[in-house]
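For the sequence shown, our numbering gives the first residue as 58, with consecutive numbering after it.
Glycine included, every Cβ here is placed at the ideal spot set by N, Cα and C.
Just so it is clear, the structure is predicted and the values come from calculations on it, not from any experiment.
Accompanying notes for the structure given below.
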Amino acid sequence: QVQLVESGGGLVQAGGSLRLSCAASGSTFRINTMGWYRQAPGKQRALVASIGSGGNKNYADSVKDRFTISRDNAKITVYLQMNSLKTEDTAVYYCKVTVWGIQNAFWGQGTQVTVSS
Numbered sequence: 058q059v060q061l062v063e064s065g066g067g068l069v070q071a072g073g074s075l076r077l078s079c080a081a082s083g084s085t086f087r088i089n090t091m092g093w094y095r096q097a098p099g100k101q102r103a104l105v106a107s108i109g110s111g112g113n114k115n116y117a118d119s120v121k122d123r124f125t126i127s128r129d130n131a132k133i134t135v136y137l138q139m140n141s142l143k144t145e146d147t148a149v150y151y152c153k154v155t156v157w158g159i160q161n162a163f164w165g166q167g168t169q170v171t172v173s174s
C-alpha cells in the first residue's frame, strides 16, 4: 500500500502562482509514475501532468508552458509548480501514483485550488 499526502492548495488571484506537493509513504520502493489530476465542479477528473520513473513528463495542453511537474525520488515526493494561474484552473487537485506490479493506482485525498479574477 501507498499513502499520499497532498499540500499547497489555496486561494490565489489570477496570474499568481502555487506549488503543490504530494509525499508518498508505505510501499514506495516500486513507485512508477507520479502525477496530478484535477476535477472541477460538474466535470470529469482529468490529467494535468505526470512524470515517469525515468523523468519523462506529460502535460495537458491547457497547462503547458505554465505548469511544471517534478519529483524528488529521495523524498518520494512529486511537485506541481503552477504559474500564470487562470480562473479555469480552479479545481480539486489529486495526486496519483502507480506502482510496478500493482494494477490499481493510489490517489491522494485532494487539495482545493481556487483562482479568483
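Per-residue DSSP class, three states only, for residue i
{"i": "D122", "result": "coil"}
{"i": "T147", "result": "coil"}
Burial state of residue i (16 or more Cβ within 10 Å)
{"i": "A106", "result": "buried"}
{"i": "A103", "result": "exposed"}
{"i": "K153", "result": "buried"}
Rounded Cβ spacing between residue i and residue j (contact assumed at less than 8 Å)
{"i": "L137", "j": "I126", "result": "5 Å"}
{"i": "L77", "j": "Y150", "result": "6 Å"}
{"i": "A80", "j": "T134", "result": "5 Å"}
{"i": "T144", "j": "V172", "result": "5 Å"}
7 Å Cβ cutoff met for residue i and residue j
{"i": "T155", "j": "A162", "result": "yes"}
Could you tell me which uninterrupted beta strand (DSSP E) segments, each at least 3 residues in length, are contained entirely in the stretch 74 to 99, listed from first to last along the chain? Runs of the beta strand (DSSP E) inside the stretch 74 to 99: 75 to 83, 88 to 96.
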